[in-house]
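For reference, the structure is listed below as structure tokens.
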Amino acid sequence: MSDIAITVEGLGKRYRIGANQQAYKTLREKLNETALAPFRAAKSLLRRNGNGSSLFAHRSARETFWALKDVSFEVKRGEVVGIIGRNGAGKSTLLKILSRITDPTEGYADIHGRVGSLLEVGTGFHPELTGRENIYLNGSILGMKRAEIVKKFDEMVAFAEIEKFIDTPVKYYSSGMYVRLAFAVAAHLEPDILLVDEVLAVGDIGFQEKCLGKMGEVAKQGRTVLFVSHNLGAIQRLCSDSLLLDGGTIQSRGIPAAIVQDYLGLMKGPAGPVSNISQLSIDVRILDAGDQPTIVWRFGEPLIIEVLVSTPEVLRRPSVDIGFYTGNRARLFSLRSDRLAMAPPEICGNWTVRFAIDNPGIMAPEMVFDVGIREGNNGYRKMIPNVGSLSADHETLPPIADSDWMLFTKACVTWEGSGTSQSAPA
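If you want it as structure tokens, here you go:
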């Protein structure tokens, strides 16, 4: 048996912008459409203009774009490959082709083994069937025998935490219940190849951690996993190999740590002259309510994060962003200075951006954060992942589970600068 699980060669997918997207039809609708086709053809002949040409012939040609272009790679059995890239890079299109949801315009993809996919909430579920019925339906689609499904059934239901609703039609499920059951089916029915898109972001923090743990177990069992995510920590934690997609093409492939750095470089985006930008520096101080340095946060008490920016080059319409994550890089929330306060129109020299967070009641027991600086709506001029970390004072935490925490955070931002921008070039 070959050790290759997936072979992709010259894969391309072209879409027409503005093309009508036809919904799937029922059998009755297809029969009606077939029966009425001759009458519609006759009607269209009568709707010709004076020149004898069809009115529809004047419909302008639509623009096309390539979501994927000339994509080629192989994945060996047992490999866990992370796929990262900006929105619109072609990641989801690639997984849809591998899942046989859509056909490529050119090239091919060979899949060797049984595929389980989790691309959208409830993909493959029939809304009128119960959770129990959908488990058996999905198992059958994957080629599982009934005895195999029965063996895993209780484990899947327990993982999804929907025991009380297992005999309820899934059209009544919340999005959280949908995604929990969908992941449980995809991960527990033991496909040879598991394809997972960013759907995990739908769940709460506790569920994300649970899914990442399960994916780690799947990887250890020697099954092949393709994992699309913006969760860079999870990519580095779970994957042995990684692909960076941008503009529908593969930009680089290699160990996740190196590919993540390539991705962060892409996220800087166009930013004009960069002669001195390598000298732009970012530092961070974490302070408690008394302005004393700390690495511990206390539930319900203010917390202050100061970002120290030093730049020899003028930055116009600057904004400092902070993204907060759990220790395993499950996203919590983010703060953007341009949404919280008016910034100077441009900065140069040394500046301090002070984020005063009031009642940080949603942070996880262990937390890390990234800091980046942008100009206007451009990409990051500089981004530093995992620049700081915090641990909770557990004596102040309320007696609730992580997954029950709610978002309730208020923050204000102030800018203080010791530099000027009067020498800025026009």
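Start counting the sequence shown at 5; every next residue gets the next number (our numbering). Using N, Cα and C, we set each Cβ at its ideal position, and we do this for glycine too.
Quick one: what's got a C-beta closer than 6 Å to residue i's C-beta in the same chain, skipping five residues either side?
i, result
"ALA188", "MET160, PHE163 and ALA164"
"THR418", "ARG358"
"ASN280", "The predicted model places ASN280 with a pLDDT of 38, which falls under 50 and marks its position as unreliable, so this point remains unresolved."
"THR109", "GLY16, LYS17 and ARG18"
"LEU319", "ILE351 and GLU379"
"ALA360", "ILE308 and CYS416"
"MET148", "LEU193"
Give the straight-line distance between the Cα atoms of residue i and residue j, rounded to the nearest whole angstrom.
i, j, result
"LEU198", "SER178", "24 Å"
"ARG289", "VAL391", "10 Å"
"LEU230", "GLU370", "28 Å"
"GLY327", "ASN235", "11 Å"
"GLU420", "ILE388", "21 Å"
"LEU336", "ALA345", "21 Å"
"VAL85", "ALA293", "43 Å"
"TYR329", "VAL372", "5 Å"
"GLU83", "GLY143", "23 Å"
"ARG302", "GLU310", "18 Å"
"PRO306", "ASP342", "21 Å"
"LEU123", "LEU270", "25 Å"
"ALA191", "LEU216", "11 Å"
"ILE105", "SER121", "10 Å"
"LYS218", "ASP201", "15 Å"
"ILE170", "GLY135", "5 Å"
"ALA71", "LYS100", "12 Å"
"LEU312", "ARG118", "52 Å"
"PRO348", "ALA396", "34 Å"
"ASP7", "GLU78", "10 Å"
"TYR182", "SER314", "47 Å"
"ARG81", "PRO195", "12 Å"
"VAL75", "THR356", "44 Å"
"LEU98", "ASN381", "28 Å"
"ALA151", "PRO131", "24 Å"
Give the DSSP-derived three-state secondary structure of residue i in the structure shown.
i, result
"TYR177", "coil"
"MET160", "helix"
"ASN235", "coil"
"ARG150", "helix"
"SER96", "helix"
"ASP342", "helix"
"GLN225", "coil"
"SER144", "helix"
"CYS243", "coil"
"GLN265", "helix"
"ARG118", "coil"
"LYS390", "The amino acid occupying residue 390 in the given sequence is Asn; Lys does not appear at that position. The answer is strand: DSSP assigns ASN390 an E or B state."
"GLU132", "coil"
"ARG316", "Before going on, a small fix: residue 316 reads as Pro here, not Arg. Three-state result, PRO316: strand."
"PHE303", "coil"
"LEU193", "coil"
"ARG90", "coil"
"ASN138", "helix"
"ILE166", "coil"
"ARG358", "strand"
When burial is assigned at 16 or more other CB atoms within 10 Å of the CB, is residue i buried or exposed?
i, result
"ALA415", "buried"
"ILE299", "exposed"
"SER103", "buried"
"PHE211", "buried"
"VAL154", "exposed"
"ARG184", "buried"
"THR228", "buried"
"TYR267", "buried"
"GLU13", "exposed"
"TYR112", "exposed"
"ASP374", "buried"
"TYR28", "Model confidence at TYR28 stands at a pLDDT of 46, short of 50, so the residue's coordinates are unreliable and nothing is read from them."
"GLU213", "buried"
"LYS73", "buried"
"TYR176", "exposed"
"ALA334", "buried"
"ILE145", "exposed"
"ASN138", "buried"
"ALA93", "buried"
Quick one: residues in its chain with C-beta nearer than 8 Å to the C-beta of residue i, no 5 flanking neighbours on either side, listed in chain order?
i, result
"GLN296", "none"
"SER338", "ASP325, ILE326, GLY327 and PHE328"
Give every residue of the same chain whose Cβ lies closer than 7 Å to the Cβ of residue i, excluding the five residues on either side of it in the sequence, and list them in chain order.
i, result
"LYS95", "ILE87, GLY89, VAL232 and LEU249"
"LEU133", "LEU141, PRO173 and VAL174"
"ILE115", "ILE10, LEU102 and ILE197"
"PRO260", "GLY86, ILE239, GLN240, CYS243 and SER246"
"GLU167", "VAL161"
"ARG340", "SER323 and ASP325"
"LYS386", "LEU284, ILE286, GLY376 and ILE377"
Practice task
Count the C-beta pairs between the region 243-259 and the region 338-355 that are closer than 8 Å, then say yes if the count reaches three, no if not.
Solution key: no
Practice task
State whether the region 248-268 contacts the region 210-227, with contact taken as three or more CB pairs (one from each stretch) at a distance under 8 Å.
Solution key: no
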